[in-house]
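Working notes, structure below.
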Amino acid sequence: MPDYALRAQNVTQKFGAFVALEDVSFDLKVGEVHCLAGENGSGKSTLIKVINGVNTPEPGAQISFYDSAPAARVSPTDAKRHGVHVIWQDLALFPDLTVAENITFDSFIAAPFAPRGTAAKTDRAAQIITRLGVKLDPHAKLGDLSIAKRQLVAICRVLDANARIIFMDEPTASLTRKETQTLLDIVRKLSGDGISIVFVSHRLAEVLDVCERVTVLRDGAFVGSYPTEGMTQKRLSTLMTGLDLDEHPRDIENFGETAIEVRGLSRDAEYDDISFSVRRGEILGLTGLMGSGRTEIALSLFGMTQADQGAILIDGKPVNFRNSRAAIAAGIAYVSEDRLNLGLVQSQSIIKNTASTVLDDLAKPSFYLSPKRLRALCIDWIARLKTKVSDPRLPVSSLSGGNQQRIVLAKWLATNPKVLILDAPTVGVDVGAKAGIFEIVRELAAKGMAIILISDEASEIHTHTDRVLILRGGKVHKDLKPATVNEEALEEMINA
Amino acid sequence: MRKVFASAEGILGFLIICLSVLLTLTTDSFASIQNIFDLLNNQSVNIIFAVGLVVVLVAGGIDISFSVAASVVQYVVVTLLISMGGGNWAIGLLLAAATGISLGLINALFIHRFRIVSIIVTIGTFNIFFGLLMYLSRGRSIYTIPDWLYARVSIFSVELERGAATLYLPVLVMFVMVVATWLILSRTGFGRQIYGFGSNPDAARRSGINVALIQGFAYGWLGLCAGIAGMMQAHIVREVVPNALYGRELDILAAVVLGGAVLGGGRGTVLGAVLGVMLLALIQNGLNLLGISPFAFKMIVGAIILCAITATNLDRILPQTRRSTKGGALDA
Chain A
13 MPDYALRAQN VTQKFGAFVA LEDVSFDLKV GEVHCLAGEN GSGKSTLIKV INGVNTPEPG
73 AQISFYDSAP AARVSPTDAK RHGVHVIWQD LALFPDLTVA ENITFDSFIA APFAPRGTAA
133 KTDRAAQIIT RLGVKLDPHA KLGDLSIAKR QLVAICRVLD ANARIIFMDE PTASLTRKET
193 QTLLDIVRKL SGDGISIVFV SHRLAEVLDV CERVTVLRDG AFVGSYPTEG MTQKRLSTLM
253 TGLDLDEHPR DIENFGETAI EVRGLSRDAE YDDISFSVRR GEILGLTGLM GSGRTEIALS
313 LFGMTQADQG AILIDGKPVN FRNSRAAIAA GIAYVSEDRL NLGLVQSQSI IKNTASTVLD
373 DLAKPSFYLS PKRLRALCID WIARLKTKVS DPRLPVSSLS GGNQQRIVLA KWLATNPKVL
433 ILDAPTVGVD VGAKAGIFEI VRELAAKGMA IILISDEASE IHTHTDRVLI LRGGKVHKDL
493 KPATVNEEAL EEMINA
Chain B
13 MRKVFASAEG ILGFLIICLS VLLTLTTDSF ASIQNIFDLL NNQSVNIIFA VGLVVVLVAG
73 GIDISFSVAA SVVQYVVVTL LISMGGGNWA IGLLLAAATG ISLGLINALF IHRFRIVSII
133 VTIGTFNIFF GLLMYLSRGR SIYTIPDWLY ARVSIFSVEL ERGAATLYLP VLVMFVMVVA
193 TWLILSRTGF GRQIYGFGSN PDAARRSGIN VALIQGFAYG WLGLCAGIAG MMQAHIVREV
253 VPNALYGREL DILAAVVLGG AVLGGGRGTV LGAVLGVMLL ALIQNGLNLL GISPFAFKMI
313 VGAIILCAIT ATNLDRILPQ TRRSTKGGAL DA
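Chains A and B, in that order, give the protein sequences. The numbering used here applies: residue 13 is where the first sequence begins, and numbers increase by one. The numbering used here applies: residue 13 is where the second sequence begins, and numbers increase by one.
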């Protein structure tokens, strides 16, 4: 048995003048869990596509699987023969088919005129589910399952196709803590069976937890491969971004007046007896496991839902928001969790997206929306948030994830809010962009904005908030100053 | 029992049974063999259309050109065979199938090759097919059709007191088309590919599905069904009227959607489509037997479609579902 499942050297890929990968090396041991790390646009996906045979690299590459002779490229047939499979972030499954049909879907393509063979396929799927040691009903419709379960179905599907090298693209991006642990256990189990796994993830903590080695790419260049033993999150961030991101916990004492206060707020089956206040310049963290009520509270503060009991006070005056328009008018801005889909109209221009919250104001005093004023507003915000935009008339979809994030922020900041609610602002954002976002958040606070930060990353809460409410089962479990405890203790409190 | 009501087919079956019981009790003639045979003879054309359309809907598309395509097929086949001296059933059906498939493939070509949304393509072909037919026929009907098409082909007959009740050829053809479509959609790997493609086209492409084949089959099969249904319709009414089927497409679409198919693709069954057509037919039949003005039919049918679709969506909208799911999340 050879030691290496895959060895790739001198891999270069150009698209026109753009160099996506330059002289990258990557090797993967049999049964290893290996992390491929890098910011968005660093070339991770391009490298995966070279290895699974979708892209043809520039001549000179040397790629070999197991004990095969090195070749200059991988054909899709080669990739299939060596059991190379990629589970992309969107999973590519079929919501209207059953679990068993999803797992064995490739057989329908291989033998279109064979009978559907439900019983046999259910057995086959059940065997793989048992082998993986998970709970899945082969007859369930995929569309009825949670994302975590669908993830397991995707893994079962590649196992059914005899995968020996599995690339997993951001597999934990939308999983809860507990689901992530289950997934990591499964990854360990597969590696014990001799399957090599390449993990692509932004969540550095879990990368260090599960992987044996990490290969870092930056702007298409190979930075290096390192054992994860002895590697810290901070060093890995530095390797990925090339920047020394040194973040100090906040230590501010004097805040302004109370901007928003919540007294005994309750909503049936969502949250119960929540009280807190946020002063101008203060950053309040709301954390807890998925379903603990953090997002539900934010939705009520933003008028999307109405509390059954309790009061919300803005600048000391009680308010009762019937809808989100009323909340916006009262100075509340809410940047939602799925902001790239819910917060932006991807096909519309950057200008129109930035201005979308303040169109009424921009049209005053007449009904005429001046393109000049729209443009001026947008350019102002682009500059203030240091967004990289070549032309604000281009659709938002032309921007990178981190820059799209800034446009969502700009859109809400344009309403000149008193209270800014950020719901999981860094999910799916890479390290460098994360730092940039928190830099902006801290500046906004310094200028007197009250900020509520919802996050389940203990490190973010610890570094960037002045006070944190840990929620559990819809109630306030702990209310503390993060600086009084260390990060590990905080993490323990959130997840215990 | 809960499982029965979890599917559109179960609900439709239940409604059909209720309605049948009701009509049996309130009218004299509903539960007669004559009435049931009439229903089957009359609905066979609609059901053939419906099973063709369900394939397109499952594949994530839509087609509104099929009923005028059926008129085109009638006209072309009958004109051609008259000029050739008559022909017979075999030649007639073969020609109808070929013409129907060709018209369906025109839709598939624009949808697949030129990436145009199916509703736009079929609005275009709907107008082209119908416009061309009216222009070339100058709106004139053909009353003298070949003898083989004119003569009723009986497949099953029962002697009754007031003469015989007979099932005619279209019922047999309908049966064949229903079974064939069901076999393909529900019992083959290719059928799963169609559901897969309708459910998640990107995933299907990435899995290596031959998308052109799926699209070609879906619209081609509907074209085939339309061609055959066109011949059956001409056989029943014994003439070819260019605008006889104009407007039928929306009735069929409503029936198929009632049967559980969705415009987003991935869902829908042959059984559901058949039951959807049957339910609408029963309602019309019932209204007829109850002596309600035919001018009220459309209105009542429209209201029933809206109520039925609303009912199937209610479980997602009602407030207690929020409570129950959120409660579950809190427990976890």
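Glycine included, each C-beta is placed from N, C-alpha and C at the ideal position.
Those residues which DSSP pairs with ASP181 (chain A) across a bridge: In the first sequence, residue 181 (chain A) corresponds to position 169, counting from 1. Answer is A:VAL212, bridged to ASP181 (chain A).
Contact set between the segment 272–297 of chain B and chain A, restricted to residues whose Cβ is under 7 Å from the partner: Residues of the segment 272–297 of chain B that bring their beta carbon within less than 7 Å of a beta carbon in chain A comprise GLY278, ARG279, in sequence order.
Any C-beta of chain A under 8 Å from that of TYR207 (chain B): Mapped onto the second sequence, residue 207 (chain B) falls at position 195. At least one C-beta of chain A is nearer than 8 Å to the C-beta of TYR207 (chain B).
Alpha-carbon spacing of HIS214 (chain A) relative to PRO261 (chain A), whole angstroms: In the first sequence, counting from the first residue as 1, residue 214 (chain A) sits at position 202. In the first sequence, counting from the first residue as 1, residue 261 (chain A) sits at position 249. Cα to Cα, the separation comes out at about 22 Å.
Minimum C-alpha distance to GLU500 (chain A) - residue among A:GLU469, A:HIS489, A:ARG479: The residue you call residue 500 (chain A) lines up with position 488 of the first sequence. The candidate whose alpha carbon is nearest that of GLU500 (chain A) is A:GLU469.
SER186 (chain A) versus ASP156 (chain A) - alpha carbon distance: Indexing the first sequence from 1 puts residue 186 (chain A) at position 174. Indexing the first sequence from 1 puts residue 156 (chain A) at position 144. Approximately 16 Å, taken between the alpha carbons.
Member of A:ILE178, A:LYS161, A:PHE211 whose CA lies at the smallest distance from the CA of LYS190 (chain A): Residue mapping note: residue 190 (chain A) aligns to position 178 of the first sequence, counting from 1. For the residues A:ILE178, A:LYS161, A:PHE211, the minimum Cα distance to LYS190 (chain A) belongs to A:LYS161.
Own chain partners of ILE198 (chain A) with C-beta closer than 8 Å, once the 5 adjacent residues on each side are dropped: Locating residue 198 (chain A) in the first sequence gives position 186, counting from the first residue. Taken in chain order, the residues that qualify are LEU144, GLY145, VAL146, LEU164, ILE167.
ILE221 (chain B) at chain A interface by Cβ criterion, 8 Å: Your numbering for residue 221 (chain B) matches position 209 in the second sequence. Chain A, which has a Cβ nearer than 8 Å to the Cβ of ILE221 (chain B), makes this yes.
Chain B contact for ILE309 (chain A) (CB, 8 Å cutoff): Looking up residue 309 (chain A) in the first sequence gives position 297. It does not: the Cβ of ILE309 (chain A) has no partner Cβ on chain B nearer than 8 Å.
Whether LEU255 (chain A) touches ASN507 (chain A) by CB criterion (8 Å): Locating residue 255 (chain A) in the first sequence gives position 243, where the first residue counts as 1. Locating residue 507 (chain A) in the first sequence gives position 495, where the first residue counts as 1. It is not a contact, given that the beta carbons lie outside the stated cut-off.
Among A:LYS487, A:GLN360, A:ALA436, the one whose alpha carbon lies nearest that of LEU465 (chain A): Within the first sequence, residue 465 (chain A) is the residue found at index 453, counting from 1. Of A:LYS487, A:GLN360, A:ALA436, the residue nearest in Cα terms is A:ALA436.
Neighbour flag for GLU455 (chain A) against chain E, beta carbons, 8 Å: No chain E is part of this structure, whose protein chains are labelled A and B.
Element boundaries [alpha helix (DSSP H), containing GLN86 (chain B)]: Position 74 of the second sequence, counted from the first residue, corresponds to residue 86 (chain B). Residues 78–96.
Spatial distance of GLU21 (chain B) from LYS246 (chain A) (CA atoms): As a working note, residue 21 (chain B) is residue 9 in the second sequence. As a working note, residue 246 (chain A) is residue 234 in the first sequence. When rounded, the distance between both Cα atoms is 58 Å.
Beta-carbon neighbours of SER211 (chain B), restricted to chain A and to distances below 9 Å: If you number the second sequence from 1, residue 211 (chain B) lands on position 199. Those within 9 Å of SER211 (chain B) in chain A are LEU105, PHE106, PRO107, ASP108, LEU109, LEU154, GLY155.
Euclidean distance between Cα positions of VAL191 (chain B) and ILE76 (chain B): Mapped onto the second sequence, residue 191 (chain B) falls at position 179. Mapped onto the second sequence, residue 76 (chain B) falls at position 64. VAL191 (chain B) and ILE76 (chain B) have their C-alpha atoms spaced approximately 23 Å apart.
Helix, strand or coil at ILE264 (chain A) [DSSP, three-state]: Taking the first sequence and counting its residues from 1, the one referred to as residue 264 (chain A) is at position 252. Residue state, collapsed to three classes: coil.
For ALA218 (chain A), three-class secondary structure by DSSP: For this step, residue 218 (chain A) is matched to residue 206 along the first sequence. According to the sequence as given, residue 218 (chain A) is Glu; it is not Ala. DSSP, reduced to helix, strand and coil, places GLU218 (chain A) within a helical segment of the structure shown.
Proximity below 8 Å, CB of ASP15 (chain A) to CB of GLN101 (chain A): By 1-based counting over the first sequence, the position of residue 15 (chain A) is 3. By 1-based counting over the first sequence, the position of residue 101 (chain A) is 89. Going by C-beta atoms, ASP15 (chain A) is not nearer than 8 Å to GLN101 (chain A).
Own chain residues within Cβ distance below 6 Å of ALA20 (chain A), not counting five before or after: Taking the first residue of the first sequence as 1, we reach residue 20 (chain A) at position 8. Cβ within range, chain order: PHE38, ILE75.
Amino acids of chain A, ordered along the chain, whose beta-carbon sits closer than 9 Å to that of GLY203 (chain B): In the second sequence, residue 203 (chain B) corresponds to position 191, counting from 1. Correct list: PHE120, PRO124, ARG128.
In DSSP terms, what GLU273 (chain A) is bridged to: In the first sequence, the residue the question calls residue 273 (chain A) occupies position 261. Answer by DSSP bridge pairing, in chain order: A:SER289, A:LEU325.
Interface flag, GLN200 (chain B) vs chain A, CB-CB below 8 Å: Taking the second sequence and counting its residues from 1, the one referred to as residue 200 (chain B) is at position 188. Sequence inspection shows Thr at residue 200 (chain B); the Gln mentioned does not correspond to that position. Cβ-Cβ to chain A under 8 Å: yes for THR200 (chain B).
Residue-level contact to chain A via CB, ALA176 (chain B), 8 Å cutoff: As a first step, residue 176 (chain B) must be located in the second sequence, where it is residue number 164. ALA176 (chain B) does not count as touching chain A.
Rounded distance between the beta-carbons of VAL441 (chain A) and GLY413 (chain A), thought under 8 Å: The residue labelled residue 413 (chain A) in the question sits at position 401 within the first sequence. The residue labelled residue 441 (chain A) in the question sits at position 429 within the first sequence. Indeed, because the Cβ distance is near 6 Å, the residues count as touching under 8 Å.
Per DSSP, cross-strand counterpart(s) of ASP491 (chain A): Counted from its first residue, the first sequence places residue 491 (chain A) at position 479. According to DSSP, ASP491 (chain A) bridges with A:LEU481.
Residue-chain proximity (ASP214 (chain B), chain A), Cβ-Cβ < 8 Å: Here residue 214 (chain B) corresponds to residue number 202 of the second sequence, with the count starting at 1. It does: the Cβ of ASP214 (chain B) has a partner Cβ on chain A nearer than 8 Å.
Touch test, the segment 279–287 of chain A against the segment 233–253 of chain A, Cβ-Cβ under 8 Å, three pairs minimum: no
Minimum Cβ-Cβ distance from GLU113 (chain A) to chain B less than 8 Å: As a first step, residue 113 (chain A) must be located in the first sequence, where it is residue number 101. So, interface residue.
Span of the alpha helix (DSSP H) around VAL86 (chain A): Walking along the first sequence from the start, residue 86 (chain A) turns up at place 74. Boundaries cannot be given for VAL86 (chain A), as no alpha helix (DSSP H) includes it and DSSP labels it neither H nor E.
According to DSSP, residues forming a beta bridge with HIS124 (chain B): Along the second sequence, one-based indexing puts residue 124 (chain B) at 112. DSSP lists no beta-bridge partner residue for HIS124 (chain B).
Inter-residue CB distance, LEU397 (chain A) and ILE452 (chain A) (contact presumed, cutoff 8 Å): Position 385 of the first sequence, counting from 1, holds the residue named residue 397 (chain A). Position 440 of the first sequence, counting from 1, holds the residue named residue 452 (chain A). Indeed, because the Cβ distance is near 6 Å, the residues count as touching under 8 Å.
Beta strand (DSSP E) segments (min. 3 residues) lying fully within the segment 33–83 of chain B: Within the segment 33–83 of chain B, no run of beta strand (DSSP E) at least 3 residues long lies entirely inside it.
DSSP-derived helix/strand/coil call for ARG334 (chain A): Walking along the first sequence from the start, residue 334 (chain A) turns up at place 322. Coil, per DSSP.
Sub-8 Å separation of LEU234 (chain B) and VAL67 (chain B) beta-carbons: Locating residue 234 (chain B) in the second sequence gives position 222, counting from the first residue. Locating residue 67 (chain B) in the second sequence gives position 55, counting from the first residue. The answer is yes: Cβ separation under 8 Å.
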